[in-house]
Amino acid sequence: METIIQIMKKYHFSEMETLVYTTLLEQDKLTGYEISKQSGVPRSKVYNILEKLLKKNLVIVNKSEPKLYRAISSDEFIERLEKDVKQDLAVLDKQLGGIKEAEEEELLWKIEGYSHVLEKVEHLIKHSKKSLLVQIWKQDISNELLFLLQEAEKRLDECVVILFDTEHHYNLPLNHYYQHGFEEEKLKDFGSRWINIVRDEKEVVFGTLSEETSQTDVTWTKNNAMVSLSKEYIKHDAYTLKIIEELPQELRSKYGHEFEKVRSIFKGE
Numbered sequence: 001m002e003t004i005i006q007i008m009k010k011y012h013f014s015e016m017e018t019l020v021y022t023t024l025l026e027q028d029k030l031t032g033y034e035i036s037k038q039s040g041v042p043r044s045k046v047y048n049i050l051e052k053l054l055k056k057n058l059v060i061v062n063k064s065e066p067k068l069y070r071a072i073s074s075d076e077f078i079e080r081l082e083k084d085v086k087q088d089l090a091v092l093d094k095q096l097g098g099i100k101e102a103e104e105e106e107l108l109w110k111i112e113g114y115s116h117v118l119e120k121v122e123h124l125i126k127h128s129k130k131s132l133l134v135q136i137w138k139q140d141i142s143n144e145l146l147f148l149l150q151e152a153e154k155r156l157d158e159c160v161v162i163l164f165d166t167e168h169h170y171n172l173p174l175n176h177y178y179q180h181g182f183e184e185e186k187l188k189d190f191g192s193r194w195i196n197i198v199r200d201e202k203e204v205v206f207g208t209l210s211e212e213t214s215q216t217d218v219t220w221t222k223n224n225a226m227v228s229l230s231k232e233y234i235k236h237d238a239y240t241l242k243i244i245e246e247l248p249q250e251l252r253s254k255y256g257h258e259f260e261k262v263r264s265i266f267k268g269e
């Protein structure tokens, strides 16, 4: 019920209005007194709430006494709401599309919140037209994000996905992606999971994130230097992983079973 209440609030229905409407959905017809008793809405307020719902056409009332109230079906309500939202979005698209947007100053912008980060990532993937470079953890791939990656893979000639998973369960339904394999070492470096998405060599979302704690340190920018840095980081990761894929035994014999010697890059190591 709490989820329904929160969603209904987005569309300007109060908690009491939602309680009255859902109570009536469960019943064939009720008097105001019965609605108050079953919904928990005080009698002093229930008739005012019913009047509001009548004006919003979510509730209908009979023409005789005693007054009985009934809710319109959930299908009818959702169908009407969808129609209103589509009409509003069409107007916004037309009106906002006519506004000339300011030129990007190439500043670095922080994205607050795990869900907002994924929304931005989905937007970049959906609107990629020439190329898409991705470093992402399997735990952060929702069904919607996976669908967008599959569509991007079909649509783009240049699409690189590097997948991370601490359990090494690399089983995404994509035609091709690189399995990283060095997650433990990377987690020590970064301290948490991270994401890196470059769209059309024009913009990038990168940084660390955690769904469990909702903590994020993620940046979005069109800054040329940051885009180039992220692009080259992902591409060089892919170069290395491609070599490992094709020459695993030779490399393991030289650099160790888990390629641990590859990370020994400083003098004396």
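In this text, residue positions in the sequence shown follow UniProt numbering: the first is 1, and each later residue adds one.
Even for Gly, the Cβ is constructed at its ideal location relative to N, Cα and C.
Computed from a prediction, not measured in an experiment: that's the story for all the values here.
Asked, Found
"Just reading off the alpha helix (DSSP H) that K110 is part of, what are its end residues?", "Careful: K110 lies outside any alpha helix (DSSP H), inside the beta strand (DSSP E) at 108–111."
"May I ask you to report which of helix, strand or coil DSSP gives Q135?", "strand"
"Are the Cβ atoms of V59 and L50 separated by less than 8 Å?", "yes"
"With DSSP collapsed to three states, give me the class of Y170.", "coil"
"Under a three-way DSSP split, which group does D75 fall into?", "helix"
"Using only alpha-carbon positions, find the residue among E122, Q215, Y11, L209 that is nearest to R199.", "E122"
"Measuring CB atoms only, is the region 144–163 touching the region 229–248, in the sense that at least three cross pairs come out at less than 8 Å?", "yes"
"Could you pull out every residue in the same chain whose Cβ sits closer than 6 Å to the Cβ of Q135, ignoring the five residues on either side in sequence?", "I162, N196, I234"
"Relative to the C-alpha of F190, which candidate in E82, D217, H12 has its C-alpha closest?", "D217"
"Can the beta-carbon of T219 be found closer than 8 Å to that of L118?", "no"
"Are the CB atoms of L19 and A71 nearer to each other than 8 Å?", "no"
"Grab me the residues of R43's own chain with a C-beta within less than 8 Å of its C-beta, minus the 5 sequence neighbours each way, in chain order.", "G32, Y33, S36"
"For E250, name the three-state secondary structure that DSSP assigns.", "helix"
"Look up Q179 in the DSSP assignment and say whether it is helix, strand or coil.", "strand"
"Is it true that the CB of H180 sits closer than 8 Å to the CB of L241?", "yes"
"What are the residues that DSSP puts in a beta bridge with G207?", "I195, V218"
"Name the one or two DSSP bridge partners that F164 has.", "W137"
"Nearest to W137 by CA position, among Q38, L81, E183, T3, is which residue?", "E183"
"Between which two residues does the beta strand (DSSP E) containing V117 stretch?", "V117 -> not in any beta strand (DSSP E); alpha helix (DSSP H) instead, spanning 114–126."
"Could you give the distance in angstroms between the alpha-carbon of K120 and the alpha-carbon of S230?", "16 Å"
"For the beta strand (DSSP E) that contains L61, what are its first and last residues?", "Reading the sequence as shown, one finds Val at residue 61 and not Leu. Per DSSP, V61 belongs to the beta strand (DSSP E) from 59–61."
"According to DSSP, L30 sits in a beta bridge with which residue or residues?", "Y69"
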